[in-house]
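Just so you know, we're using the working numbering here: the sequence shown kicks off at 792 and counts up by one. Just so you know, even glycine gets a beta-carbon here, dropped at the ideal spot from N, CA and C. Report on one structure; see the data block that follows.
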Amino acid sequence: MTQNLADASRPAVPAAVPAARTTAANDAARDGWWRDAVIYQVYPRSFADGNGDGMGDLPGIRARLPYLRDLGVDAVWLSPFYASPQADAGYDVADYRAVDPMFGTLLDADALIRDAHDLGLRIIVDLVPNHSSDRHEWFQRALREGPGSPLRERYHFRPGKGENGELPPNDWESIFGGPAWTRTANPDGTPGEWYLHLFAPEQPDFNWDNPAVADEFRSILRFWLDMGVDGFRIDVAHGLVKAPGLPDLGSHDQLKLLGNDVMPFFDQDGVHAIYRSWRQILDEYPGARIGVAEAWTPTVQRTANYVRPDELHQAFNFQYLGTGWDAAALREVIDVSLDSMRPVGAPTTWVLSNHDVTRHATRFANPPGLGTQIRTPGDRELGLRRARAATLLMLALPGSAYIYQGEELGLPDVTDLPDEVRQDPSFFRQAGQDGYRDGCRVPIPWSGTEAPYGFGPEGGPSWLPQPAEWARLSVEVQTGDPTSTLELYRSAIAVRREQPALGAGSDVAWLPAPEGVLAFRRESSEGSFVCTVNATGETVRIPAPGRMLLSSTEAVVTENGVELPADSTAWWAV
């Protein structure tokens, strides 16, 4: 709906707002905490190194938990730290109940969870149910026992096509490039069956039609819930069930994650029975444990199917992540997102960056239409300005917001990593034409003037090289600087927590605004809040909606209104 802008009072540009948190006891009492939570993603190998080997780990994360408390977030999502050969940065799991030695031990995981809870932080862990590592005991036993073994029914083993089975069973391609099938050798050394892997060959897909797979993952859920985790981010949540018979695609042009059609290997209706059974397990535990779907679907409406009342609690809003810095496009995706989630009673999630896409400070630095993996740095000043504005927009919307480590520092993507240091498997499988995820995974800077900028205790090199210019972006440099991106995030999260009209709810009331500008009101019984976004490249004058709370770039407020700088967002109490 549309309302008129409020009459202007005489607002003042605020000083930075100090971070504030509810107590852990009050926080724990909120059974619906996830509906408006701010959740911080930690990519363990790149967050903090506790032992000086150049690789981030659980002790490093544990030592930095006070930083996350002071940032003001509600929960921490940990990307995989399970035992793994690391063919795909831990998303190839060999043992779901063990911590990889590079990250620590189960005792370290237990200590991290306990410390987080003591600080009022919840812990969400990644779960990878679509595929395992090819080093997983189940897969290794299936290889040893050969065709016809019941153990092979836990994965998708199939005979090949062609006179001698030399062709893959169907025409599916891997997301990482190349065929989605790899041929095995029989125990006697002769060519054998093929197995399905939608990602790397080292990541064979589970067959979720097999009851043993479902039983195993229910057990894995309980193992980590008993450890005290507060929820799971479910990797490739849309991919577990494949269409019966594994039919050919027929057109390789359709083989895209965000195509308009439902693929025979993604977003099949059968996945929802799995998540209904998982929801029952989550609901058995106290403290509102949650499930979060990483579900790449053709539409937000189909994403909503994953968060019906008897399924998962949240699903990532990738349509929002993929929207460029354009006022009309942003308004449309916001409306569609809220309208799609409202009928199922689930909160919308908002996310700008993660470990699989180019950081939004770099995406917004480049011309629109280049997608979510970009190879050029673009105009970094422009990108940071837009990124700061986009953050305030995201945090002003109803629902839950996700922050990817380092975005609170304004980190750009590292677009010039030498090929010889890259580790993204899709980069190598696609001959360097794709697979640029390493650029968003470079370890974050904490302090100091030389690499690794406080990432580890010994000062040795980090697993991916950090740019020299990151010295000025470190936590140490930005802390206490009211103009820094870090302090903007701290202030925004604190204001969000203090303003009753922010976070909770499912509605925005759009206000009249000039072309290229967004303005909307959020209401509560205790007051109103207005967010104004200038997504144009020019300063725009509008009536001041009320008392300014925060702005991404300094705005000029006068008796005649407010001048919103180009690519900026401001928050107002009304």
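What residue does the beta strand (DSSP E) around ALA1005 start on, and which one ends it? As a first step, residue 1005 is located in the sequence shown; it is residue number 214 there, counting from the start. Where ALA1005 is concerned, there is no enclosing beta strand (DSSP E), although the alpha helix (DSSP H) it sits in stretches over 1002 to 1018.
So which of ILE914, ILE830, THR975 and ASP822 has the shortest CA-CA distance to SER1144? Taking the sequence shown and counting its residues from 1, the one referred to as residue 1144 is at position 353. Selected option, being the one with the closest Cα: ILE830.
Select from PRO1134, GLY1115 and ARG905 the residue whose C-alpha is nearest the C-alpha of ASN1157. Against the sequence shown, residue 1157 aligns to sequence position 366. Ranking PRO1134, GLY1115 and ARG905 by Cα distance to ASN1157 puts GLY1115 first.
Taking only beta-carbon positions, decide if ALA1242 is within less than 8 Å of chain D. Given the protein chain composition of this structure (a single chain), no chain D is represented.
With a threshold of 7 Å on Cβ separation, who are the neighbours of SER1238 within its own chain once the five nearest residues in sequence on each side are excluded? As a working mapping, residue 1238 is identified with position 447 in the sequence shown. Only TYR1244, GLY1245, SER1265, VAL1266 and GLU1267 meet the Cβ criterion.
Taking the CB atoms as reference points, tell me whether GLY1250 and PRO1203 lie closer together than 8 Å. Locating residue 1250 in the sequence shown gives position 459, counting from the first residue. Locating residue 1203 in the sequence shown gives position 412, counting from the first residue. No, Cβ-Cβ distance for GLY1250 and PRO1203 is not below 8 Å.
With 16 other CB atoms within 10 Å as the buried threshold, where does ARG826 fall? Position 35 of the sequence shown, counted from the first residue, corresponds to residue 826. Buried.
Using DSSP bridges, identify the partner residues of ILE1194. Along the sequence shown, one-based indexing puts residue 1194 at 403. ILE1194 is bridged to TYR831.
Suppose you measure from the CA of ARG1287 to the CA of ALA1295; what does that come to, to the nearest Å? If you number the sequence shown from 1, residue 1287 lands on position 496. If you number the sequence shown from 1, residue 1295 lands on position 504. Computed Cα separation, rounded: 10 Å.
Does the Cβ of VAL1135 have 16 or more other Cβ atoms within 10 Å, making it buried, or fewer, making it exposed? One-based indexing of the sequence shown puts residue 1135 at position 344. It counts as exposed.
Using the rule of at least 16 other Cβ atoms within 10 Å of the residue's Cβ for burial, across every protein chain shown, is PHE997 buried or exposed? What you label residue 997 is simply residue 206 of the sequence shown in a count that begins at 1. Buried is the call here.
When you compare each of PRO1336, GLU1317, GLU1350 and ALA1086 to VAL1032 by their alpha carbons, which one comes out closest? Taking the first residue of the sequence shown as 1, we reach residue 1032 at position 241. Out of PRO1336, GLU1317, GLU1350 and ALA1086, ALA1086 has the C-alpha closest to the C-alpha of VAL1032.
Quick check for students: name the residue ranges of the alpha helix (DSSP H) that lie wholly in the stretch 896 to 940, counting only runs of 4 or more. 897 to 909 and 928 to 936
So, at 7 Å on beta carbons, what are the nonlocal neighbours of SER875 in its own chain, with the 5 sequence-adjacent residues on each side left out? Counting from 1 along the sequence shown, the entry for residue 875 is found at position 84. If we look at SER875 and ignore the five residues flanking it on each side, its Cβ neighbours are GLY881, ASP883, VAL884, ALA885, ASP891 and SER924.
Within its chain, find whatever has a CB closer than 8 Å to the CB of PRO1125; leave out the 5 residues flanking it on each side and keep chain order. Position 334 of the sequence shown, counting from 1, holds the residue named residue 1125. What sits at residue 1125 in the sequence shown is Ile, not Pro. These residues qualify, in order along the chain: TYR1111, LEU1188 and VAL1299.
Compare the beta carbon distance of PRO1291 and GLY1318 with 8 Å and say whether it is the shorter of the two. On the sequence shown, residue 1291 is found 500 positions in, with the first residue counted as 1. On the sequence shown, residue 1318 is found 527 positions in, with the first residue counted as 1. It is a contact, given that the beta carbons lie within the stated cut-off.
State buried or exposed for THR814, treating a residue as buried only when at least 16 other CB atoms are found within 10 Å of its CB. Here residue 814 refers to the residue found at position 23 when the sequence shown is read from its first residue. The predicted position of THR814 is uncertain, since its pLDDT is 35 and thus under 50; no value can be drawn from it.
Tell me, please, which residues DSSP counts as bridged to GLN1105. Taking the first residue of the sequence shown as position 1, residue 1105 is located at position 314. Per DSSP, VAL1083.
For the candidate residues LEU1277, PHE1023, GLN1071 and VAL1127, whose alpha-carbon lies nearest to that of ILE1235? The residue you call residue 1235 lines up with position 444 of the sequence shown. The option with the nearest alpha carbon to ILE1235 is LEU1277.
With H, G and I counted as helix, E and B as strand and the rest as coil, what does DSSP make of TRP1362? Numbered from its first residue, the sequence shown carries residue 1362 at position 571. Reduced to three states, the DSSP call for TRP1362 is strand.
Name the DSSP bridge partner or partners of LYS1033? If you number the sequence shown from 1, residue 1033 lands on position 242. LYS1033 is not bridged to any residue.
Tell me the rounded alpha-carbon separation between ALA1119 and SER870. Within the sequence shown, the letter at position 328 stands for residue 1119. Within the sequence shown, the letter at position 79 stands for residue 870. For ALA1119 and SER870, the distance between alpha carbons rounds to 33 Å.
Can you tell me whether DSSP reads PRO857 as helix, strand or coil? Reading the sequence shown from its first residue, position 66 is the one you call residue 857. Helix.
Short check: CB of ALA1079 to CB of ASP909, under 8 Å? For this step, residue 1079 is matched to residue 288 along the sequence shown. For this step, residue 909 is matched to residue 118 along the sequence shown. No, the pair does not count as a contact, with Cβ atoms beyond the cut-off.
Closer than 6 Å by C-beta to HIS1094: which residues in its own chain qualify, once you throw out the five before and the five after it? Chain order, please. As a working note, residue 1094 is residue 303 in the sequence shown. Note that residue 1094 is Thr in the sequence shown, not His. The residues are ALA1086, THR1088 and ALA1106.
For LEU898, count neighbouring Cβ atoms within 10 angstroms of its own Cβ and tell me buried if that reaches 16, exposed if not. For the purposes of this step, residue 898 is identified with residue 107 of the sequence shown, where counting begins at 1. Label assigned to LEU898: exposed.
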